[in-house]
Amino acid sequence: MGASTNMYSAGETIFSEGAWPAFYYQIIKGEAKLNNYNEEGKETIQIIIEDGQSIGESLLFMEKPYPMNAVAITECEIVKLPRKAFLNLLREDAEISYEMNKCLSQRLYFKLIMTQNLSSQSPMLKLMALMDYLKSFAKDQQQYSFKVPLTRQQMAGLTGLCVETTIRTIKGMERALMLRIEDRKIMY
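At position 112 of the sequence shown (counting the first as 1) the number is 137 in this note's numbering, and the numbers step up by one without a gap.
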């Protein structure tokens, strides 16, 4: 099929905004982010992707350049499959096509949830929306049962808040018993 496995170091660019999508990327091991930078150089994280997830695949269906960057957060082992081989695989295998649609639907749902809440002026509502979304996939929905798998900086990047506001808001949420902090980890 023409797939290759590539290693990326933490901080290394997988693809850049403005490049044309030529490959399907799937993380075998590691963590990456899709991001943009505004005029002042402030980073906005679109999504964080981990083991087993694909990167930027929705752009393979369009003749448009990437509107974002993909950057390794940790050391990543990533499979690269040429666009044509990927599209042929989807045409030939209904199960793979179904799983791809399921993944794209989850990402669209995340974007819709975050878009609704990014218009809010309340940092607390923005952070709660993010944590509620992440926790929605956990089996245990009891209070304080979910360990948020993000750093404060990642949460800030995903919500459009500055890191200081994120930290201050999380401390306030802890005082209001909305979450707990255990060993620097947020339990929601």
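Beta carbons: idealized from backbone N, C-alpha and C, even for Gly.
Exercise for the section: Ignore the nearest five residues each way along the sequence and tell me which others in A44's own chain have a CB closer than 8 Å to its CB. Expected result: P90 and Y91
Practice task
Name the two residues that bound the continuous beta strand (DSSP E) containing I72.
Solution key: E68 to E75
Practice task
Give me the Cβ distance between M125 and E64, rounded to the nearest whole Å; I'm assuming they're in contact under 8 Å.
Solution key: Not really, about 34 Å apart at Cβ, beyond 8 Å.
Handout entry: Rounded distance between the beta-carbons of I53 and I218, thought under 8 Å
Key = What the structure shows of the chain is the stretch from 26 to 213, and residue 218 is not part of that stretch, so it cannot be assessed.
Exercise for the section: Use the C-beta contact count for F162: other C-beta atoms within 10 angstroms, 16 or more gives buried, fewer gives exposed. Expected result: exposed
Handout entry: Residue closest to A154, alpha-carbon to alpha-carbon, out of E100, I192, S34 and I138
Key = I138
Practice task
Determine, using beta carbons only, whether L106 and Y49 come nearer to each other than 7 Å.
Solution key: yes
Handout entry: Distance, E88 Cα to P174 Cα
Key = 34 Å
Problem - For T191, the first and last residue of its enclosing alpha helix (DSSP H) - result: V188 to R200
Handout entry: F86 to G36 span [Cα, whole Å]
Key = 27 Å
Exercise for the section: Answer yes if the segment 110-120 comes into contact with the segment 142-151, meaning at least three C-beta pairs across the two stretches below 8 Å, and no otherwise. Expected result: no
Problem - DSSP-derived helix/strand/coil call for I121 - result: helix
Handout entry: Cβ shell of T99 (< 6 Å), same chain only, five flanking positions each side left out
Key = A35, G55 and E56
Handout entry: Own chain residues within Cβ distance below 6 Å of S122, not counting five before or after
Key = L115
Practice task
Just mark S79 as buried or exposed, buried being the case when its beta carbon has 16 or more other beta carbons within 10 Å.
Solution key: buried
Handout entry: 7 Å Cβ shell around T190 - same chain, five flanking residues per side excluded
Key = P148
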